[in-house]
Structures are given as structure tokens and as C-alpha cells.
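Protein sequences appear in the order of chains A and B. Numbered by our numbering, the letters in the first sequence go through residues 160 to 409 in order. Numbered by our numbering, the letters in the second sequence go through residues 160 to 409 in order.
There are 2 protein chains.
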Amino acid sequence: MVSTVAGKTRTEMAEQADTLRRTPLSRTRVLRAAVALADEAGIESLSMRNLAQDLGVVPMALYKHVANKDELLDGMIDMVVGEIDPPVPDADWKHVVRGRILSARQVLRRHPWAPLAIESRNMATPAILAYLDSVVGTLRAGGFTADLAHHVMHAMGSRILGFSQELFDASRRAGRSGIADPDPPAALPPEVAARFPHLAEIAGAASHDDASVVGQGCDDQFEFEFALDLLLDGIERLHQQGWTSSRRPR
Amino acid sequence: MVSTVAGKTRTEMAEQADTLRRTPLSRTRVLRAAVALADEAGIESLSMRNLAQDLGVVPMALYKHVANKDELLDGMIDMVVGEIDPPVPDADWKHVVRGRILSARQVLRRHPWAPLAIESRNMATPAILAYLDSVVGTLRAGGFTADLAHHVMHAMGSRILGFSQELFDASRRAGRSGIADPDPPAALPPEVAARFPHLAEIAGAASHDDASVVGQGCDDQFEFEFALDLLLDGIERLHQQGWTSSRRPR
DNA sequence: CCTCAAGGTGTACGGCGTACACCTGATGGA
DNA sequence: TCCATCAGGTGTACGCCGTACACCTTGAGG
């Protein structure tokens, strides 16, 4: 029996939902419940059956509101992407883009399942397209050529949506993320450290001033901004010197 | 009935495998067949049952050689990562790292299912650790502090393994990738272009000199190297000026 | 009052991963 | 030579999954 954010079990919440069942289903109610379920129990326990149970309804009822599970995922993604802050007005392109990306990152930290979900769907949803379009608009307004803007969007890749692919990403693990998982950094086990000495060396190398980061876990936010600024600074430099993709390095 | 690379159907290949069944199963034979199946038919058709059929064997037989499907995927990943070229000797860190990353990219282009598989497994496999360790070693040998090397590894993220998350990545689509899918760039449909004018504008903006890239499809390799060099140049600059993460921006 | 459609229900099918008991054929010590 | 052992392939079965399809209920409009 696993407790969730509000200290209720999932089944208790299902019963509670059961008493409220009279409020009819709707697409947004389904999507909201799906996002909540994925947030609390992990994406791997988002099945049509579990979702229906949380809503106090029989599985097939969901299909009156979403076409199928893929379309459900698309709807969830759109809902999440819609949480990203609008651009701040009256600022130069660099601050606007930086701000939106950091906002996107905050959103995705509330929905740890979203990056993988976004990556596994193979076409962008309307909300994602709208967001990307808006970012391109910021660049163009900042004086970027369409050509450079194009390459910049590619260079940012998924980072533009607030996540970088971290390879060893503790927060990505599918498990139930409702409770703040203490999960001590687990200083890579000695036999691993012996086999991979360079990894062992850099594992604890990040010198963080404040004590908010325990042990040798590293500060995700810092690493994200490090990479983000590395890219933004490089982009700014190209922009200032009027870079254009004329001759290609073959 | 769908033909594969060699012009045989999957079932024909299974029959062929059936005649060769006498050669006993082994872990590497299982892994090789799994990689081949994923390469040809897409990761979504890699099931224990399909794989067993390709090997002319009953599904449960596989479990004598791999613990379960997750461990099978780990083994496949290790096999793929093992294809990455070793570092070229006698070159400065930048060329060595650049070369290895481009080699990794070539490998992953042969196995389009691998990026998603790598991302969805939540811990690194031994082969990935060995590869990363070797890259860190190159940086350290090039004079990087452990601190800077740490941040650099984070900044490169998944790009260090040869893929960037592209958001709309045609080559990522799950479908059968054996045949060169012509799939014309499909100049985003007019009603989409109307709703997202900035995207429409940059869609065809990349000016590629040679004609190898048809229509307004953009050159993946160019975009990848653009981002890679943006990062490497920024990193080189930090390295030269002795960057260290002393004061953090709050 | 009757109709009709929107929306929730029940049953069922085929596919998945895999637990568990079983069989089989080669191997090696007595 | 014989028989025990055991690695490795087999068959059956269970509980999940997504979802097709026929059905029933209910409330609003002519």
C-alpha cells in the first residue's frame, strides 16, 4: 500500500472519485486524471484500466472521450506544454528565450514522465508546435535570419522544451514520484569506481557553494543552466558576427 | 507481406533459421538476432515471441540466455555501444572527442531504435559507462579540471552518444526501417503553415549547397555538427580561460 | 409520448511478459 | 557400461494490456 501526495492510497482516491461519479466524464476530466495518475504513480502505471478505475468508470467509457491511448498521451502532452509561461514582454531575445526554457524546465519537473512521453511520440502536438513557433518568433524579432534561427532550433533540440537527456538521470526513473524520494546519491559502488576511474573522479568534482545539494549528488539546475548558457552564448556570438551557413565543412 | 533488406519476408527468414536450428542458442546469438529484428522491423515488433520465432525456438527458450526483456534490451544496447570506434591516437582532445561522437552517431544511424531504448532504460549499462569513462579520460588528458569535465559531460548530454533529441525526428519513427523510406519531406501542410508562420518560414530556410538534400528536408548531419561544434567551441573557450564553477548565479 | 443520440457497460479477443513444471539428450564418474 | 546430473529447449497457463463491438440507459426535443 503506497501513499500518494495527499496521504491517501490510490484505491481510496478511486473510492472518493466513485462518490463524485455523477459529474460526467469529459475529455479534459480524463486528461487531468491521466496527468495526475502519471505524476503520482509513474507513466508505467498509466493504463486505460487504471485510469478508468481512478475515474470510477469502466475502461471502455474512456473511449468516448479519447480515440485511443496514443491520442490520450498526445492530449496529456498538450496539457503539460500549455503550462509553460508566456514570453516576458520587453526583453531582448536572449532573456526571453532563456526565461521560457527555464519555465519549460520547471513545468517538466512537475511531470517527470513527460520528456520520455514527448520523445516517444513521433510527431509534435499542436501545443508543442505553438510553443516552438513562438520561440522562433522571438528569435526573428531579435534580428536572426531564418537560416540561423533554423539551425539554432536544431541545436537546442529537446533542451528547448526544458529537458536535456542526461544518460544517468535519477529523476527520470519511472517509479512513483509523488513522495520526495530521498534516494541518497549512492556514491557509485567501489567496484564500479575502480573500473571507471575517470567517472569516479568527476563524480564528486562539482564544487557547489551552498549546502542544498547533499553529498556528491550534483545540482541538476546548475548543470542545465550551464549547458543552456553555453549554447546561448555561442548563439549570440554567431548572431553578432552575422553567421550564415554558406560553405559547409563538407 | 512486407519484404525486408534481403528481399525475404520475416517468416521466410524464420524458416531459414529453422533449418539452421541445430546450431544451439547462446546469449550472443540471441542478442544479435534481437538487434537485427529491431533494425529491420522496428523496436515495437521486438517481442520475446517474435524473437523466438526468428530463432526457430519457443519463447521460453530465450529465458535460459537472458534474464528478462529489460536485460535483453540492456544487452542489445551494450552490443550497439561496442560498435563505437576507439579514440584516434595522437590528437588533441577536441578532435578526439569530436571524432568519437561522430562515430557514435554513425553507429546509432544504423540502429534507429537505440536512442529511445537508451533513454528509457534508467541506468547506464557497462558498455556505456566504459565509453563515457574513456571520453572523460580524453578531457582530463587534455588538461581539463575534473570540475569542468563534469559540467562538460552534462552539457553534452545525450549528444555525446551520437544523438540529439530532435522533437520532430523523421528517422526516429518506429516503422520498419530496412528499406530506405523515400518519405518526401512533406512540406508541412498549408493549414499548419498558416497557424505557425515562423515555423513555416524557417522550415525551408537552411541553405544547403549540394543537392544531396532533397527539397526542404534538412540535413541531419549538418545540424548535428552545427550543435556539436557550438558546444565544443564554447567548451574550448571556457577551458582556455581556466573556467571554474566558483560563484554560482544564485 | 415517442425518438434518438450521447455516453456508460459487459463481454471478448488477441497479444504481451513470464512463472513453473516438464522433457531430453549429452556428459562424466562409478 | 550404466546411470546420475544438469544445461537447455518445451508446453501450459496466468494476469496484464489495448480495444472492437453489441448493448443498455437516460434525458432532451419534436
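Positions of the beta carbon are idealized from the N, C-alpha and C atoms, including for glycine.
Item                                                                                                                    : Value
Short-range partners of chain A found in the segment 290-308 of chain B, where Cβ spacing is below 7 Å                  : L291, D292, V295, G296, R299, A305, D306, A308
Spatial distance of L219 (chain B) from M238 (chain A) (CA atoms)                                                       : Correcting the residue type first, residue 219 (chain B) is Met in the shown sequence and not Leu. Cα-Cα distance, rounded: 41 Å.
Short Cβ contact (9 Å threshold) for D292 (chain B) with A364 (chain A)                                                 : no
S279 (chain B): contacting residues in chain A (beta-carbon distance under 7 Å)                                         : L275
Euclidean distance between Cα positions of F385 (chain B) and T403 (chain A)                                            : 11 Å
Own chain, CB closer than 6 Å to K223 (chain B), minus 5 neighbours either side, in chain order                         : none
Backbone CA spacing between N453 (chain A) and H310 (chain A) [nearest angstrom]                                        : Lying before the first or after the last residue shown, residue 453 (chain A) is absent from chain A, which here runs from 160 to 409.
Contact list for D198 (chain A) against chain B, beta-carbon separation under 8 Å                                       : Those do not exist, as D198 (chain A) stays about 17 Å from chain B at its closest Cβ, beyond 8 Å.
Interface positions of the segment 312-326 of chain A facing chain B (Cβ-Cβ less than 9 Å), listed along the chain      : M312, H313, A314, M315, G316, S317, R318, I319, L320, F322, S323, Q324, E325, L326
Where I202 (chain B) falls: helix, strand or coil (DSSP)                                                                : helix
Contact between the segment 287-304 of chain B and the segment 248-259 of chain B (3+ Cβ pairs under 8 Å)               : yes
Span of the alpha helix (DSSP H), counted from its first residue to its last, around S185 (chain A)                     : Element bounds for S185 (chain A): n/a, residue is neither H nor E.
Closer than 8 Å at the beta carbon, the chain A residues around A364 (chain B)                                          : T304, A305, D306, A308, H309
E395 (chain A) versus H313 (chain A) - alpha carbon distance                                                            : 15 Å
Cβ-Cβ separation, H270 (chain A) to V189 (chain A) (assumed contact under 8 Å), whole Å                                 : In fact, because the Cβ distance is near 16 Å, the residues do not count as touching under 8 Å.
Own chain partners of A273 (chain B) with C-beta closer than 6 Å, once the 5 adjacent residues on each side are dropped : V239, L267
Min CB distance I394 (chain B) to chain A below 9 Å                                                                     : yes
Distance between beta carbons of A211 (chain B) and L221 (chain B), contact taken as under 8 Å                          : 6 Å
Three-state secondary structure assigned by DSSP to F385 (chain A)                                                      : helix
Beta-carbon spacing of M207 (chain A), L184 (chain A) below 9 Å                                                         : no
Own chain residues within Cβ distance below 7 Å of L205 (chain B), not counting five before or after                    : A193, L196, A197
Contact under 9 Å by Cβ, I243 (chain B) with I277 (chain B)                                                             : no
Interface partners of L232 (chain A) on chain B, CB under 9 Å                                                           : Within 9 Å Cβ-Cβ: nothing; L232 (chain A) doesn't reach chain B, min ~14 Å.
Continuous alpha helix (DSSP H) assignments of at least 4 residues falling wholly in the segment 251-279 of chain B     : 252-269, 273-279
N- and C-terminal bounds of the alpha helix (DSSP H) containing Q400 (chain A)                                          : Element bounds for Q400 (chain A): n/a, residue is neither H nor E.
Residue-level contact to chain B via CB, R259 (chain A), 9 Å cutoff                                                     : no
Closest residue to P245 (chain A) among A:T297, A:Q380, A:S323, A:L390 (Cα-Cα distance)                                 : A:T297
S404 (chain B) at chain A interface by Cβ criterion, 9 Å                                                                : yes
Alpha-carbon spacing of H254 (chain B) relative to V294 (chain B), whole angstroms                                      : 12 Å
Contact set between E382 (chain A) and chain B, taken where Cβ atoms lie within less than 7 Å                           : H310, H313
Residue-chain proximity (P246 (chain B), chain A), Cβ-Cβ < 9 Å                                                          : no
Neighbourhood of Q399 (chain A) by C-beta, 6 Å cutoff - its chain only, sequence neighbours within 5 removed            : none
For R264 (chain A) and L214 (chain A), the rounded distance between their alpha carbons                                 : 29 Å
Neighbour list for E360 (chain A) in chain B, Cβ cutoff strictly below 7 Å                                              : A305
Proximity test, Cβ basis, 9 Å: A386 (chain B) and chain A                                                               : yes
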